[in-house]
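In order, the protein sequence lines correspond to chains A and B.
Per this note's numbering, the first sequence runs over residues 1 to 127.
Per this note's numbering, the second sequence runs over residues 128 to 451.
By construction, the Cβ of each residue, glycine as well, lies at the ideal position given by its N, Cα and C atoms.
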Amino acid sequence: MAHEHKLEIFRGLLKFKSNTQKIWGVLIFLAVVTTIEVALGIVKPRALTHSHFLGMKLLNWIFIILTLVKAYYIAWDFMHLRDEKTSLRRVIVWTPVFLICYLIFILLFEADYIYNVYKEGFITWNF
Amino acid sequence: MDATVSTGTEDSVWGGGNRPLGASYGKMMMWFFIMSDALTFSGFLVAYGFSRFKFIELWPIADEVFTHVPFFHGNYPMYYVAFMTFILIMSSVTMVLAVDAGHKLKQNKVILYMFLTIIGGAIFVGSQAWEWATFIKGDYGAVETNSGRILQFVNAETGERAALADFAKTLPEERVKHQANEGIWFQEEGYRTSYSLNEVVEGFKATPNILIRTEQLNEEGEKTVLDRKESLAKILEANQVVEGANLIHNEYGHRLFADFFFFITGFHGFHVFSGVIINIIIFLNVILGTYERRGHYEMVEKVGLYWHFVDLVWVFVFTFFYLV
Chain A
1 MAHEHKLEIF RGLLKFKSNT QKIWGVLIFL AVVTTIEVAL GIVKPRALTH
51 SHFLGMKLLN WIFIILTLVK AYYIAWDFMH LRDEKTSLRR VIVWTPVFLI
101 CYLIFILLFE ADYIYNVYKE GFITWNF
Chain B
128 MDATVSTGTE DSVWGGGNRP LGASYGKMMM WFFIMSDALT FSGFLVAYGF
178 SRFKFIELWP IADEVFTHVP FFHGNYPMYY VAFMTFILIM SSVTMVLAVD
228 AGHKLKQNKV ILYMFLTIIG GAIFVGSQAW EWATFIKGDY GAVETNSGRI
278 LQFVNAETGE RAALADFAKT LPEERVKHQA NEGIWFQEEG YRTSYSLNEV
328 VEGFKATPNI LIRTEQLNEE GEKTVLDRKE SLAKILEANQ VVEGANLIHN
378 EYGHRLFADF FFFITGFHGF HVFSGVIINI IIFLNVILGT YERRGHYEMV
428 EKVGLYWHFV DLVWVFVFTF FYLV
């Protein structure tokens with residue numbers, strides 16, 4: 001069991017005095033990020049829904065990035081990966097990341113292809 | 128003198144006793160489980176993405192589907208789901224605090240924090256059950272066309288959604304629910320809608336200020352509303368009334384949306400439920416002093432890993448189901 005805790009978050013920008021304090025700090029951070037997400041989801045600023053990057057709305061990119069940020073802090077501070085050995089951390093993180101990226105790549109490209117077949121092929125499916 | 132071969136383990140990689148990952152067996156196995164479970168969930172979420180990209184122009188808008196808050200009437204998109212997210216994050220925090228108290232061997236604090244975690248989990252599962260019930264019940268009602276597309280109704284003056292009850296006629300027609308004892312054993316009618324298709328169509332024709340809204344998303348990312356002439360032509364394609372959502376019909380839009388909603392949130396809800404059960408078992412063990420006698424609270428840490436994982440998955444489900 002890892003008894004020593006690393007008490008810095010944001011690459012040392014924020015240092016906590018105790019582990020308990022760090023937990024509350026991370027909670028505040030996660031709550032703020034969630035609030036931003038929900039607020040953006042309700043307001044849906046026009047500037048973000050009408051500009052695209054790599055075929056996806058900018059707003060959706062923001063949601064996905066904020067989700068990954070949240071996932072990072074849950075894994076690092078709640079699941080205390082920050083206090084684990086680097087080797088364990090790498091095994092846990094990179095194996096799924098690799099497999100999931102592969103899966104996303106294959107399935108989303110395939111889905112887009114089917115979408116185009118439905119749209120441009122000689123198939124009537126909405127009659 | 129130095130002819131003896133050193134068998135000391137301290138400088139030999141292969142001498143045994145190495146702990147390259149620095150984790151105990153139990154914790155390692157919990158991580159194995161979490162990783163395989165993470166891949167299962169990613170499989171589901173990517174499958175959802177697959178279906179969504181396949182029908183990108185007709186996918187339902189989540190904001191318009193999940194608009195209810197218990198005990199309040201009106202249109203509050205996202206608020207309740209956001210509340211559920213906060214509950215789950217809070218219960219994650221109490222769990223870390225329990226693990227932290229366990230490290231310091233403070234039994235009473237572990238008991239308190241574990242208790243709060245269980246309460247948070249129970250509130251979350253309850254909220255999810257409520258959300259399911261609301262989703263299954265439906266709110267406005269719609270009709271389904273021959274090709275399985277959903278046609279919803281809007282009020283032309285206000286632009287608001289119109290419920291079937293707002294315009295459907297009550298016709299003097301007799302319609303009996305088909306029971307198993309009146310036919311061949313496998314023919315039983317699943318559910319009966321409050322209005323027949325004929326009543327909806329006649330009511331629609333008689334009410335000039337009702338328009339049809341199709342599933343098609345327009346440039347603005349909103350559902351297309353047909354004008355009155357197109358609507359009158361479109362209503363002829365309808366072949367049944369749909370109220371609420373189940374695995375076969377879905378009044379909110381594409382049926383796959385409902386299928387994935389039940390499947391993914393159901394699978395996650397089941398994880399939360401089993402997490403609560405495991406938490407209760409560990410909670411009782413803490414009260415009994417099992418870990419106090421054992422000298423360490425690693426079991427609390429392990430169950431904590433699982434609990435945080437459930438929270439982690441929810442963060443992704445929340446994004447891909449409700450936000451994006």
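Going by DSSP, what residue range makes up the alpha helix (DSSP H) through B/Val451? Taken as a continuous stretch (DSSP letters only), B/Val451 belongs to no alpha helix (DSSP H), as it is neither H nor E.
Spatial distance of B/Val437 from B/Gly153 (CA atoms): 18 Å
Would B/His195 pass as an interface residue toward chain A - the criterion being a Cβ-Cβ separation below 9 Å? no
Span of the alpha helix (DSSP H), counted from its first residue to its last, around A/Leu40: 19-43
Taking B/Lys233 as the reference, which of B/Phe242, B/Glu419, B/Met426 has the closest Cα? B/Glu419
Kindly list, in the order they appear in chain A, the residues whose Cβ is closer than 8 Å to that of B/His395. Annotation: B/His395 has no Cβ neighbours in chain A at a cutoff of 8 Å; minimum Cβ distance is about 15 Å.
For B/Phe262, which residues from the same chain have a beta carbon less than 6 Å from its beta carbon, with the 5 sequence-adjacent residues on both sides left out? Excluding its 5 nearest sequence neighbours in each direction, B/Phe262 has C-beta neighbours in its own chain below 6 Å: Ala372, listed in chain order.
Opposite B/Val270 in the DSSP bridges: which residues? Bridge partners of B/Val270: B/Leu278, B/Val368.
Count the C-beta pairs between the segment 292-300 of chain B and the segment 401-415 of chain B that are closer than 8 Å, then say yes if the count reaches three, no if not. They do not touch, by the three-pair rule.
Chain B partners of A/Ala47, CB-CB under 7 Å? Within 7 Å Cβ-Cβ: nothing; A/Ala47 doesn't reach chain B, min ~14 Å.
Give the secondary structure of A/Met1 by DSSP, where H, G and I count as helix, E and B as strand, and everything else as coil. Reliability fails at A/Met1, whose pLDDT of 43 lies under 50, so the model's placement of it is uncertain and no value is given.
Identify each residue in the segment 86-103 of chain A for which the Cβ-Cβ distance to at least one residue of chain B is less than 8 Å, and report them in chain order. Going along the segment 86-103 of chain A in chain order, one finds Ser87, Leu88, Val91, Ile92, Thr95, Pro96, Leu99, Ile100, Leu103 with a Cβ nearer than 8 Å to chain B.
In terms of alpha-carbon separation, which member of B/Ile404, B/Met156, B/Leu338 lies closest to B/Glu284? B/Leu338
Out of B/Ile414, B/Tyr203, B/Ala150, which has the shortest C-alpha to C-alpha gap to B/Thr194? B/Tyr203
Name the chain B residues whose beta carbon is nearer than 7 Å to that of A/Ile9? Ordered by position in chain B, no residue passes the 7 Å Cβ test against A/Ile9, which lies about 14 Å from the chain.
Whether A/Lys22 touches A/Ile9 by CB criterion (9 Å): For A/Lys22 and A/Ile9, yes; Cβs fall inside 9 Å.
Can you tell me the Cα-Cα spacing of B/Val440 and B/Phe168, whole angstroms? Roughly 8 Å between the two C-alpha positions.
Could you check the C-alpha separation between B/Arg456 and B/Trp141 for me, to the nearest Å? With chain B running from 128 to 451 in the structure shown, residue 456 of chain B is simply not present.
When you compare the segment 89-96 of chain A with the segment 51-64 of chain A, are there three or more beta-carbon pairs, one atom per stretch, that lie closer than 8 Å? no
For A/Gly41, which residues from the same chain have a beta carbon less than 7 Å from its beta carbon, with the 5 sequence-adjacent residues on both sides left out? none
Taking only beta-carbon positions, decide if A/Lys6 is within less than 9 Å of chain B. no
DSSP bridge partner residues for A/Phe53 (one or two, in chain order): A/Met56
B/Glu342, enclosing beta strand (DSSP E) - first and last residue: 337-344
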